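Below: one structure, written as structure tokens.
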Ligand SMILES: *Cc1c(COP(=O)(O)O)cnc(C)c1O
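Residue numbers (our numbering): 182 to 531.
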């Protein structure tokens, strides 16, 4: 349990508490699997797979996820990618031009973009040299109007997971919402924070089908939290934010996940092979340990190496401008063939 009592109502925006959510035709009549005559939503009546609006609550998909994650449907909210989920979180809790959110650079750039889009002040507390959260500094930087603390574990672009004890301290001590972005959790040895949701009322965990599941194209982000938090997010989510094609494809992927497990196992093996190959090269100074499907690599001159790789037809990400990532490239683990090609190319660079 939290050290100090956490009272959700006190950190929700007043206008969100007051607003009357939009009620869609499909919210009013939920049993639309039943054989009824539907003249309620101004759809085209000629039957195809797609002529009806999708289930606004994605009940089938959520039930499958609930089974896999060992949660209840009312602890799950789905979004058009995690980016939409994160945006909903900002909009429920942060008053524009008044509230602030804490981020720990170097980290995922979207947190700052979403904060700025919502006119929310960004407070930055850099990670330590080992890329771990600096708990004292973070708690010291909290202002009375700091509503969100965004943690990314495993962290992009540093590839490491945050220490359990540090994260737990933050969840217990911070009086706002702690978001743990677990986009890369499937590649990690660490257990998901999902299993701790019932202990912490201020915890939100986000995951995605964009990385391990190989479904970046269908846009499905997942949010796991207390039923109270999920209910709040549900009040403002666009009614039909997950389209029918995405719902059916996601359900299929979550029903026969064997392929995903195999691919993840290959990628983890490839990550280690690639890491060993990279560190042998003269101009590579450091390959950081990774719990994700990418490697952060310190080189002699990141911009020059980036350009040389592009000229050879290989695109990586130059992360040099992030604090603590000077001269660092972020390299996604590819197929065994792609990784071999990368190493071969790097060996021939002048
Ligand atoms: C890739 C990534 C995501 C995924 O975002 P989607 O909108 O679900 O594709 C989320 N968080 C982090 C840190 C990422 O690197």
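Built from N, CA and C at the ideal position, the CB exists for glycine as well.
Keep in mind that this is a model prediction, so the values were computed, not measured.
message: Closest to residue 471 by C-alpha separation, out of 441, 519 and 343, would be which residue?
response: Within the chain shown, residue 471 is the residue found at index 290, counting from 1. Of the candidates 441, 519 and 343, the one whose C-alpha sits nearest the C-alpha of residue 471 is 343.
- prompt: In whole angstroms, what separates the C-alpha of residue 260 from that of residue 463?
  reply: Position 79 of the chain shown, counted from the first residue, corresponds to residue 260. Position 282 of the chain shown, counted from the first residue, corresponds to residue 463. Using only the alpha carbons, I get a separation of about 44 Å.
- prompt: Which residues bound the alpha helix (DSSP H) around residue 264?
  reply: As a first step, residue 264 is located in the chain shown; it is residue number 83 there, counting from the start. Run containing residue 264: 263 to 274, per the alpha helix (DSSP H) assignment.
message: For a test of your reading of the model: does the CB of residue 401 fall under 8 Å from any non-hydrogen atom of ligand 1? Yes or no.
response: Within the chain shown, numbered from 1, the residue matching residue 401 stands at position 220. Yes, the Cβ of residue 401 comes within 8 Å of a heavy atom of ligand 1.
- prompt: Is the segment 479 to 495 touching the segment 421 to 435 in the sense that three or more CB pairs, one from each, lie closer than 8 Å?
  reply: no
query: In three-state terms, what does DSSP make of residue 182?
result: Reading the chain shown from its first residue, position 1 is the one you call residue 182. In this prediction, residue 182 scores a pLDDT of 45, lower than 50, which makes its location untrustworthy; no coordinate-derived value is stated.
field: Within 9 Å, strictly: CB atoms of residue 333 and residue 292
entry: Your numbering for residue 333 matches position 152 in the chain shown. Your numbering for residue 292 matches position 111 in the chain shown. Taking 9 Å as the Cβ cut-off, residue 333 and residue 292 qualify as a contacting pair.
- prompt: Roughly how many whole angstroms lie between the Cα atoms of residue 182 and residue 380?
  reply: For the purposes of this step, residue 182 is identified with residue 1 of the chain shown, where counting begins at 1. For the purposes of this step, residue 380 is identified with residue 199 of the chain shown, where counting begins at 1. A caution first: residue 182 carries a pLDDT of 45, below 50, which makes its placement in the model too unreliable to give a value.
- prompt: In the structure shown, what three-state DSSP assignment does residue 499 receive?
  reply: By one-based count along the chain shown, residue 499 stands at place 318. Three-state DSSP puts residue 499 in a strand.
field: Cβ pair residue 417, residue 230 closer than 9 Å
entry: Position 236 of the chain shown, counted from the first residue, corresponds to residue 417. Position 49 of the chain shown, counted from the first residue, corresponds to residue 230. Against a cut-off of 9 Å, the Cβ pair of residue 230 and residue 417 comes out as no contact.
- request: Reducing DSSP to helix, strand and coil, say where residue 457 ends up.
  value: Taking the chain shown and counting its residues from 1, one reaches residue 457 at position 276. Three-state result, residue 457: helix.
Distance between residue 208 and residue 476 (C-alpha atoms, nearest Å): The residue you call residue 476 lines up with position 295 of the chain shown. The residue you call residue 208 lines up with position 27 of the chain shown. Straight-line Cα distance between these residues: approximately 44 Å.
- request: Anything with a beta carbon under 5 Å from a heavy atom of ligand 1 counts; list them all in chain order.
  value: 262, 263, 264, 289, 333, 337, 362, 364, 389, 391 and 402
DSSP three-state assignment for residue 216, whether helix, strand or coil: Position 35 of the chain shown, counted from the first residue, corresponds to residue 216. Here residue 216 sits in coil by DSSP.
message: If contacts are defined as beta-carbon pairs under 8 Å, then residue 390 and residue 431 qualify, I think. What distance do you get, rounded to the angstrom?
response: As a position in the chain shown, residue 390 is number 209, starting the count at 1. As a position in the chain shown, residue 431 is number 250, starting the count at 1. Yes, they are in contact, since the Cβ atoms of residue 390 and residue 431 sit about 6 Å apart, within 8 Å.
Continuous alpha helix (DSSP H) stretch holding residue 397: start and end: Counting from one through the chain shown, the residue named residue 397 turns up at place 216. Taken as a continuous stretch (DSSP letters only), residue 397 belongs to no alpha helix (DSSP H), as it is neither H nor E.
task: Using beta-carbon positions only, say whether residue 378 and residue 406 come within less than 9 Å of one another.
output: On the chain shown, position 197 is the one that residue 378 refers to. On the chain shown, position 225 is the one that residue 406 refers to. In contact: residue 378 and residue 406 (Cβ atoms closer than 9 Å).
field: Straight-line gap, residue 194 to residue 240 (C-alpha atoms, nearest Å)
entry: Walking along the chain shown from the start, residue 194 turns up at place 13. Walking along the chain shown from the start, residue 240 turns up at place 59. Between residue 194 and residue 240, the C-alpha separation is close to 28 Å.
query: Where does residue 482 land, buried or exposed, given buried means 16+ other C-beta within 10 angstroms?
result: As a first step, residue 482 must be located in the chain shown, where it is residue number 301. That one is exposed.
field: Cα-Cα separation, residue 497 to residue 305
entry: As a working note, residue 497 is residue 316 in the chain shown. As a working note, residue 305 is residue 124 in the chain shown. Distance between the alpha carbons of residue 497 and residue 305 is about 26 Å.
- prompt: Taking C-alpha atoms, which residue in 400, 216 and 217 lies nearest to residue 428?
  reply: Here the question's residue 428 lines up with position 247 in the chain shown. Cα-wise, what sits closest to residue 428 is 400.
- prompt: For residue 375, which of helix, strand or coil comes out of DSSP?
  reply: Position 194 of the chain shown, counted from the start, is the residue given in the question as residue 375. In this structure, residue 375 counts as helix in the three-state DSSP scheme.
- request: Please report how far the alpha carbon of residue 447 lies from the alpha carbon of residue 515, in whole angstroms.
  value: Taking the chain shown and counting its residues from 1, the one referred to as residue 447 is at position 266. Taking the chain shown and counting its residues from 1, the one referred to as residue 515 is at position 334. If you take the alpha carbons of residue 447 and residue 515, they lie about 10 Å apart.
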